[in-house]
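A.B. asks:
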Amino acid sequence: MAAASRFALIRSTILNVAAVGGVLCIAWVVAALVFHLSLIMFRTGSMSPGIPAGSLALVREIPVSEAHVGDVVTVDRPGLLPVTHRVVEVTAPASAPAGTPVEIVLKGDANPTVDPAPYRVSTVRIVLWSQPGLARAVVWLGHPAVIGSLTVATTALVTWMFWPRRAVSRHRTA
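Numbering (the numbering used here), first residue to last: 4 to 177.
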């Protein structure tokens with residue numbers, strides 16, 4: 004009987020942990036959609052030492068008019084990877100309606116000079132939080148072998164959890 008109750012406890016614990024993980028994933032997707040959140044990975048050291056290469060950052064899309072000098076923002080570049088640097092200058096015409104593209108000058112903390120040309124954008128993604136080293140974990144989790152292994156393990160876990168059990172007899176016969 005002790006083995007059966009221990010098995011039930013293990014099964015229940017695993018199922019609860021998986022349920023919490025699922026709820027957290029759903030909450031992240033909803034928050035990302037509602038609050039315009041996303042994750043970015045830093046491949047270069049242009050923002051070192053504050054945000055070194057290999058960092059992961061949480062960013063939120065905002066109108067460029069809300070960006071201020073000193074903010075760290077990501078801007079999209081047509082045909083190129085996005086760039087994440089610190090705002091040095093925002094040139095916004097006083098009479099420009101909301102959503103109008105604005106010129107923004109950026110500079111990487113580790114760079115001696117500002118970026119070669121200002122960026123003309125209507126939105127930017129402001130860095131809310133960053134953690135050095137987490138980008139490597141995200142890249143590792145995105146590897147096909149890891150995704151395949153996690154898929155097989157999850158399938159096995161779900162099958163094991165819902166596989167019919169043999170009925171345990173509660174009465175002894177003499």
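Every residue, glycine too, gets a C-beta built ideally from N, C-alpha and C.
#1: Ignoring anything shorter than 4 residues, give me the alpha helix (DSSP H) runs that lie fully in the stretch 119–152, in order along the chain.
#2: Between V78, A11 and V20, which has its C-alpha nearest I43's C-alpha?
#3: Beta strand (DSSP E) containing S41: first to last residue?
#4: Whole-angstrom Cβ separation of V67 and V105, contact assumed at under 8 Å?
#5: Just to confirm before moving on: does the CB-CB distance between D112 and S51 stay below 8 Å?
#6: Give the secondary structure of V117 by DSSP, where H, G and I count as helix, E and B as strand, and everything else as coil.
#7: Could you check how far apart the C-beta atoms of A56 and F38 are, in whole angstroms? I think they sit under 8 Å.
#8: To the nearest angstrom, how far is the alpha carbon of A11 from that of V20?
#9: Find the nearest neighbour of A35 within the set L61, T126, Q134 and P85, judged by alpha-carbon distance.
#10: Give the straight-line distance between the Cα atoms of H65 and A6, rounded to the nearest whole angstrom.
#11: When the Cα atoms are used, what is the spatial distance from L153 to A159?
#12: Cβ atoms of D118 and L109: under 8 Å apart, would you say?
#13: Can you tell me which of the three DSSP states I107 falls into?
C.D. replies: So, to answer that:
#1: 137–144
#2: By one-based count along the sequence shown, residue 43 stands at place 40. Of the listed residues, the one whose Cα sits closest to I43 is V78.
#3: Within the sequence shown, the letter at position 38 stands for residue 41. L40 to M44 is the extent of the beta strand (DSSP E) around S41.
#4: Within the sequence shown, numbered from 1, the residue matching residue 67 stands at position 64. Within the sequence shown, numbered from 1, the residue matching residue 105 stands at position 102. Contact holds; Cβ gap of about 5 Å.
#5: Locating residue 112 in the sequence shown gives position 109, where the first residue counts as 1. Locating residue 51 in the sequence shown gives position 48, where the first residue counts as 1. Cβ distance < 8 Å, so D112 and S51 count as in contact.
#6: As a first step, residue 117 is located in the sequence shown; it is residue number 114 there, counting from the start. Reduced to three states, the DSSP call for V117 is coil.
#7: The residue given as residue 56 occupies position 53 in the sequence shown. The residue given as residue 38 occupies position 35 in the sequence shown. Not really, about 27 Å apart at Cβ, beyond 8 Å.
#8: As a first step, residue 11 is located in the sequence shown; it is residue number 8 there, counting from the start. As a first step, residue 20 is located in the sequence shown; it is residue number 17 there, counting from the start. Each residue's alpha carbon lies about 14 Å from the other.
#9: Within the sequence shown, numbered from 1, the residue matching residue 35 stands at position 32. Per the Cα distances, L61.
#10: Here residue 65 corresponds to residue number 62 of the sequence shown, with the count starting at 1. Here residue 6 corresponds to residue number 3 of the sequence shown, with the count starting at 1. Looking at the sequence shown, residue 65 is not His but Ile. Rounded to the nearest angstrom, the two C-alpha atoms are 56 Å apart.
#11: Taking the first residue of the sequence shown as 1, we reach residue 153 at position 150. Taking the first residue of the sequence shown as 1, we reach residue 159 at position 156. Using only the alpha carbons, I get a separation of about 10 Å.
#12: What you label residue 109 is simply residue 106 of the sequence shown in a count that begins at 1. What you label residue 118 is simply residue 115 of the sequence shown in a count that begins at 1. Taking 8 Å as the Cβ cut-off, L109 and D118 qualify as a contacting pair.
#13: Sequence index remark: in the sequence shown, residue 107 carries index 104 (1-based). Three-state result, I107: strand.
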